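Colleague:
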Amino acid sequence: MNALSIKGLTKTYRGGFEALKGIDLTVKAGDFYALLGPNGAGKSTTIGIISSLVNKTQGQVEVFGFNIDTHLVQAKQHIGLVPQEFNFNQFETVLQVVMNQAGYYGVPRKLALERAQKYLTELDLWHKKDARSRELSGGMKRRLMIARALMHQPKLLILDEPTAGVDIELRRSMWTFLESLNEQGVTIILTTHYLEEAESLCRNIGIIDNGVIVQDTSMKALLSQLNVETFVLDITPVAQDVCLEGFDSRLIDDHTLEVDVEQGHELNTLFSQLTNHGISVLSMRNKANRLEELFLRLVNQTA
Amino acid sequence: MSANFIALKSLLTKEVNRFTRIWLQTLVPPAITMSLYFVIFGTLIGERIGLMSGFSYMEFIVPGLIMMSVITNSYSNVASSFFSSKFQRNVEELLVAPVPTWIIIAGYVGGGVARGLLVGCIVTLVSLFFVQLNIANIGVLIISVLFTSILFSLGGLINAILAKTYDDISIIPNFVLTPLTYLGGVFYSLSLLPEFWQGVSQVNPIVYMINTFRYGFLGVTDIPLVYSFSIIFIFVAALYSLAHWMISRGIGLRS
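Sequence lines, in order, name chains C and R.
Adding 12 to a residue's 1-based position in the first sequence gives its number in my numbering.
Adding 7 to a residue's 1-based position in the second sequence gives its number in my numbering.
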């Protein structure tokens, strides 16, 4: 069963800007799917169309088999949306924000209160339930938006940059929360600019650029396309650049060496050559996140 | 309880909470303004005017002033609430939810009617300090004030849907609503006007509402009731249809 099926989706805004140029996308039920792309690529427009905030120009969107043109109410019941910008009423309390949302989905008050307690507790906001939402910190506001989106227990949760501006500790706790939701069967579509977040959470990935899907594959398959990885080695000081057979390398300073390692080349060979040159490796790390490198490569290709 | 009923209740509660939370801005000013009208026009100037349509000037203007506050508050409540929701983007909470358009309209209009009628009651209570009110026809009174409030709440909603800035929601009340209300027979009987201006007044919809409401209190009207009610109902139906069409199409709401 597909949680989301998009066919030939186009969007041309008034003024002629073509935000989506006929995209096709399928997200299977239970998936944790990353939708990535540079700013202005069409991610938010796609999400806006799925969640009825943007009118599409052409194409078909189905949510759990319900076409948004013919069965919009049923499709909406399955979607929970966490938008990019804070869009709750800043003058309402945390509890009012989530209770109102539950009401709009027809959740009876008693049940809504139970869910509010559950989700606000899980997201560490229950103690703030009577605080005005404008008084919350940025991280708390992000979590409030997630709690609000879960009040009707949607089968498809769409998160548009949910961890933007959130500190690393909180981001990790949000990852854990989202992973547990996904384990419970909630399909999650995530857009983010933190690519390590997508790499660590998502099983499948779509990359959109200039209104076109340039990749729609599994995370594993995508990462396997990366045929060169750049490592940064902290080494014992050397006076001049070293020549390593079979590897491209650059001496950044007297104790930092960058080495490009092609797929299939063994790191042991690299270390042996460094040892032969009398160089000891103190530590090493990837120069960039693997997904980040691929992402930049794909996006630059289409530019 | 059906999902639609729960959604309507949630929206309505939210709207009523909104204007009661800021009661100092929403409920007190009309009471003060109308008290000044009662003192200045009713007591000070009114005593020199004498009878109007067989009633003291104070008795004559009270229904019009109540209706004026109902109209202004119903309109501005929905216009400011819906536009704020649009501006802060929390209207998206409603747009993503499976809430039918008629519930969105009913929720916001219900909020406007609640404030309009509450202010109407407050102004009525204030007027009792100045004049003894008699009710000639309670049915006409309730139907006219209720539907007038619905009509102007719908007007406020349409204004807010189309508005792009806060200025846009004050243009209609300042430049259209206020002149029409003042020229709608709040302070005078239409029969006092020359024939030409009586004819011109017939195109002012507020004339019908004030006359009908005044009939509810005093039992006198310048215009036949059937005619007035027909006009009110036609306007309500037309504005509701327009608001429904606009929200369904996402005009001013979806890009």
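Glycine included, each C-beta is placed from N, C-alpha and C at the ideal position.
Everything numeric in this text was worked out from a predicted model, so none of it was measured.
1. Taking residue 105 (chain R) as the query, report the chain C residues whose CB atoms sit under 7 Å from its CB, ordered along the chain.
2. Answer with buried or exposed for residue 182 (chain R), where buried requires no fewer than 16 other C-beta atoms within 10 angstroms of its C-beta.
3. Rounded to whole angstroms, what's the CA-CA distance from residue 89 (chain R) to residue 101 (chain C)? Just pull it up for me.
4. Going by C-alpha distance, which of R:12, R:60, R:69 is nearest residue 50 (chain R)?
5. According to DSSP, simplified to helix, strand and coil, what is residue 31 (chain C)?
6. Taking residue 64 (chain R) as the reference, which of R:73, R:74, R:52 has the closest Cα?
7. How is residue 32 (chain R) classed by DSSP in three states: helix, strand or coil?
8. Measure the C-alpha to C-alpha separation of residue 28 (chain C) and residue 122 (chain R) and round it to an integer number of angstroms.
9. What residues in its chain sit with their C-beta under 6 Å from that of residue 3 (chain C), if we drop five residues either side in the sequence?
10. If you follow the alpha helix (DSSP H) that residue 135 (chain C) is part of, which residue opens it and which one closes it?
11. What residues of chain C sit near residue 166 (chain R), judged by a beta carbon separation below 9 Å?
12. Could you give the residue range of the beta strand (DSSP E) that holds residue 170 (chain C)?
13. Please return the same chain residues whose Cβ sits closer than 6 Å to the Cβ of residue 241 (chain C), not counting the five positions on each side in sequence.
14. Could you work out which residues of chain R lie near residue 93 (chain C), taking near to mean beta carbons separated by less than 9 Å?
15. Contact between the region 80 to 88 of chain C and the region 46 to 54 of chain C: three or more CB pairs below 8 Å?
16. In terms of DSSP beta bridges, what is residue 21 (chain C) paired with?
17. Is residue 103 (chain C) close to chain R? Criterion is C-beta to C-beta, closer than 9 Å.
18. Taking DSSP as the reference, what is the three-state secondary structure of residue 112 (chain C)?
19. Could you check whether the Cβ of residue 221 (chain R) sits closer than 9 Å to any Cβ belonging to chain C?
20. Residue 186 (chain C) lies in the alpha helix (DSSP H); which residues open and close that run?
21. Any beta carbon of chain C sitting closer than 9 Å to that of residue 171 (chain R)?
22. By the three-class DSSP mapping on this structure, what secondary structure does residue 309 (chain C) have?
23. Less than 9 Å separating the beta-carbons of residue 114 (chain R) and residue 10 (chain R)?
24. Closest to residue 157 (chain C) by CA distance: which of R:162, R:97, R:25, R:17 is it?
25. Excluding sequence positions up to five away, which residues of its chain have a Cβ less than 7 Å from the Cβ of residue 148 (chain R)?
26. Roughly how many angstroms lie between the CA atoms of residue 133 (chain R) and residue 40 (chain R), to the nearest whole one?
27. How about residue 327 (chain R) and residue 165 (chain R): do their beta carbons lie closer than 9 Å?
28. So for residue 260 (chain C), helix, strand or coil by DSSP?
29. Can you list, in chain order, the residues of its chain with a C-beta nearer than 6 Å to that of residue 146 (chain C)? Leave out the 5 residues immediately preceding and following it.
30. Going along chain R, which residues have a C-beta under 7 Å from residue 65 (chain C)?
31. Under 9 Å, do residue 172 (chain C) and residue 59 (chain C) count as touching if we go by C-beta distance?
32. For residue 84 (chain R), count the other beta carbons within 10 Å of its own beta carbon; 16 or more makes it buried, fewer makes it exposed. Which is it?
33. Taking DSSP's pairing of strands, which residues face residue 200 (chain C) in a bridge?
34. Within its chain, find whatever has a CB closer than 7 Å to the CB of residue 42 (chain C); leave out the 5 residues flanking it on each side and keep chain order.
35. If you count every other CB in all the chains shown that lies within 10 Å of the CB of residue 299 (chain C), and 16 or more means buried, which is it?
36. Ordered along the chain, which non-local residues of its own chain (more than five positions away) have a Cβ less than 8 Å from that of residue 55 (chain C)?
Modeller: So, from the listed chains and residues:
1. Along the second sequence, read from residue 1 onward, the residue named residue 105 (chain R) stands at position 98. Residue 105 (chain R) reaches chain C at 85, 88, 89, 117, counting residues in chain order whose Cβ is nearer than 7 Å.
2. Position 175 of the second sequence, counted from the first residue, corresponds to residue 182 (chain R). Residue 182 (chain R) is exposed by the Cβ-count criterion.
3. For the purposes of this step, residue 89 (chain R) is identified with residue 82 of the second sequence, where counting begins at 1. For the purposes of this step, residue 101 (chain C) is identified with residue 89 of the first sequence, where counting begins at 1. Rounded to the nearest angstrom, the gap between the Cα atoms of residue 89 (chain R) and residue 101 (chain C) is 12 Å.
4. As a position in the second sequence, residue 50 (chain R) is number 43, starting the count at 1. Per the Cα distances, R:69.
5. Walking along the first sequence from the start, residue 31 (chain C) turns up at place 19. Residue 31 (chain C) falls in the strand class under three-state DSSP.
6. For the purposes of this step, residue 64 (chain R) is taken as the residue at position 57 of the second sequence. Nearest of R:73, R:74, R:52 to residue 64 (chain R), Cα basis: R:52.
7. Here residue 32 (chain R) corresponds to residue number 25 of the second sequence, with the count starting at 1. In this structure, residue 32 (chain R) counts as helix in the three-state DSSP scheme.
8. As a working mapping, residue 28 (chain C) is identified with position 16 in the first sequence. As a working mapping, residue 122 (chain R) is identified with position 115 in the second sequence. Roughly 43 Å between the two C-alpha positions.
9. Residue 3 (chain C) falls outside the range modelled here, since chain C spans only 13 to 315, and no answer is possible.
10. The residue labelled residue 135 (chain C) in the question sits at position 123 within the first sequence. Neither: residue 135 (chain C) is in no alpha helix (DSSP H) and is coded neither H nor E.
11. Counting from one through the second sequence, the residue named residue 166 (chain R) turns up at place 159. By Cβ distance, chain C contributes nothing, its closest Cβ being about 20 Å from residue 166 (chain R), past 9 Å.
12. Within the first sequence, numbered from 1, the residue matching residue 170 (chain C) stands at position 158. Per DSSP, residue 170 (chain C) belongs to the beta strand (DSSP E) from 168 to 172.
13. Position 229 of the first sequence, counting from 1, holds the residue named residue 241 (chain C). Contacts found: 273.
14. As a first step, residue 93 (chain C) must be located in the first sequence, where it is residue number 81. 99, 103, listed in chain order.
15. By the criterion of at least three beta-carbon pairs nearer than 8 Å, the region 80 to 88 of chain C is not in contact with the region 46 to 54 of chain C.
16. Numbered from its first residue, the first sequence carries residue 21 (chain C) at position 9. For residue 21 (chain C), which the question treats as bridged, DSSP gives the partners C:35.
17. Translated into the one-based positions of the first sequence, residue 103 (chain C) becomes position 91. So yes, residue 103 (chain C) belongs to the interface.
18. Against the first sequence, residue 112 (chain C) aligns to sequence position 100. Helix, per DSSP.
19. Translated into the one-based positions of the second sequence, residue 221 (chain R) becomes position 214. By this cut-off, residue 221 (chain R) is not an interface position.
20. Locating residue 186 (chain C) in the first sequence gives position 174, where the first residue counts as 1. Note, residue 186 (chain C): alpha helix (DSSP H), 180 to 195.
21. Position 164 of the second sequence, counted from the first residue, corresponds to residue 171 (chain R). Cβ-Cβ to chain C under 9 Å: no for residue 171 (chain R).
22. For this step, residue 309 (chain C) is matched to residue 297 along the first sequence. Here residue 309 (chain C) sits in helix by DSSP.
23. Position 107 of the second sequence, counting from 1, holds the residue named residue 114 (chain R). Position 3 of the second sequence, counting from 1, holds the residue named residue 10 (chain R). Not a contact, by the Cβ cut-off of 9 Å.
24. The sequence position of residue 157 (chain C) within the first sequence is 145, counting from 1. Considering only alpha carbons, the answer is R:97.
25. As a working note, residue 148 (chain R) is residue 141 in the second sequence. When the five nearest sequence neighbours on each side are left out, the beta carbons in the same chain lying within less than 7 Å of the beta carbon of residue 148 (chain R) are those of 142, 220, 223, 224, in order along the chain.
26. Your numbering for residue 133 (chain R) matches position 126 in the second sequence. Your numbering for residue 40 (chain R) matches position 33 in the second sequence. C-alpha separation (whole angstroms): 11 Å.
27. The structure shown does not extend to residue 327 (chain R), since chain R is modelled only from 8 through 262, so no value can be given for it.
28. Residue mapping note: residue 260 (chain C) aligns to position 248 of the first sequence, counting from 1. Strand at residue 260 (chain C).
29. As a working note, residue 146 (chain C) is residue 134 in the first sequence. So the qualifying residues of the chain are 102.
30. Locating residue 65 (chain C) in the first sequence gives position 53, counting from the first residue. Close to residue 65 (chain C), with beta-carbon spacing below 7 Å, are these residues of chain R in chain order: 99, 102, 103, 261.
31. Residue mapping note: residue 172 (chain C) aligns to position 160 of the first sequence, counting from 1. Residue mapping note: residue 59 (chain C) aligns to position 47 of the first sequence, counting from 1. Yes, the Cβ-Cβ distance between residue 172 (chain C) and residue 59 (chain C) is below 9 Å.
32. Locating residue 84 (chain R) in the second sequence gives position 77, where the first residue counts as 1. Counting every other CB atom within 10 Å of its CB across the protein chains shown gives residue 84 (chain R) a total of 16 or more, marking it as buried.
33. Reading the first sequence from its first residue, position 188 is the one you call residue 200 (chain C). In DSSP, residue 200 (chain C) forms a bridge with C:44, C:169.
34. Locating residue 42 (chain C) in the first sequence gives position 30, where the first residue counts as 1. Sequence-distant partners of residue 42 (chain C) (beyond 5 residues in either direction) whose C-beta falls short of 7 Å from its own C-beta, in its chain, are 197, 199.
35. Mapped onto the first sequence, residue 299 (chain C) falls at position 287. By the 10 Å Cβ count, residue 299 (chain C) comes out exposed.
36. If you number the first sequence from 1, residue 55 (chain C) lands on position 43. 47, 48, 49, 172, 203, 220.
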